[in-house]
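The numbering used here puts the first residue of the sequence shown at 257, with every later residue one more than the last. Note sheet for the following structure.
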Amino acid sequence: MDLDPWNPEILPYLYPDWDPLKECNVTRIMHTELKNGSIRMLDNTTSKCEYRCLYKDGETNFISGKWTEMEKNVTYYESCDFIETHCTDGNTTTFRYIHVQVIRPTQKIFQKEDNLHPGVFIFILDSTSLSSGIRTMAKTNQVISRIYSDFYLMSIVL
């Protein structure tokens, strides 16, 4: 089936000028920041904050590390992928967040790329229609198809 995302028949159903964030009033103020593997309290924080690492335990569980109390103007370096922060003012929680980073394992040896063992880049989009994806990410689609020799697996369970 050849799908045309620019078919004029669907134009009445498209709202290109709709901006879901236009009416959004952001009230969350970050108290902690994770940047380049280091976590710290932000200067505007008046709460007491602590953090801990969360480690994957199988597909559906995780193991929590020990809480570490944070001090202002101190940077903490962590090598875990998920860091939970919790800030309180007395007994009231003022901020709670899970920061995410991707740490490449240092002990894992990766195979060198060659013709028999090419590097593979997998880019998966879930819960979007093909026509919507083509319209909303036109430049991304061009790069993926021209440079990375894309292919589509639509609704196929392997």
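Built from N, CA and C at the ideal position, the CB exists for glycine as well. Quick caveat, the model's predicted, so the values are computed rather than measured.
- [ ] Examine the Cβ distances between the region 293–309 and the region 364–379 and report whether three or more of them are shorter than 8 Å.
- [x] no
TODO: Helix, strand or coil for leucine 386, going by three-state DSSP, please let me know.
DONE: In the structure shown, leucine 386 adopts helical secondary structure according to DSSP, grouped into three states.
Task: Cβ pair count under 8 Å reaching 3, the region 331–338 against the region 346–365 - done: yes
Open item on the list: I'd like to check one pair, arginine 352 with threonine 362: are the Cβ atoms closer than 8 Å?
Closed with: no
- [ ] Would you list, in sequence order, the uninterrupted beta strand (DSSP E) runs of no fewer than 3 residues that lie entirely inside the region 277–314?
- [x] List check, beta strand (DSSP E) in window: 288–291, 294–297, 304–313.
TODO: Identify, in the order they occur along the chain, each residue of the same chain with its Cβ nearer than 6 Å to the Cβ of aspartate 313, setting aside the five sequence neighbours on each side.
DONE: Ile319
Open item on the list: Within 10 Å of its beta-carbon, does cysteine 280 have 16 or more other beta-carbons around it, so buried, or fewer, so exposed?
Closed with: Cysteine 280 is exposed by the Cβ-count criterion.
Task: Distance, threonine 349 Cα to threonine 302 Cα - done: 12 Å
TODO: Answer with buried or exposed for leucine 354, where buried requires no fewer than 16 other C-beta atoms within 10 angstroms of its C-beta.
DONE: Correcting the residue identity first, residue 354 is isoleucine in this sequence and not leucine. Exposed.
Task: Three-state secondary structure assigned by DSSP to arginine 352 - done: strand
TODO: Using only alpha-carbon positions, find the residue among Ser387, Ile403, Lys304 that is nearest to tyrosine 269.
DONE: The residue with the shortest Cα to Cα distance from tyrosine 269 is Ser387.
TODO: Give me the Cα-Cα distance between aspartate 275 and valine 282, rounded to the nearest whole angstrom.
DONE: Distance between the alpha carbons of aspartate 275 and valine 282 is about 15 Å.
TODO: Using a threshold of 8 Å, state whether the C-beta atoms of proline 261 and isoleucine 390 are closer than that.
DONE: yes
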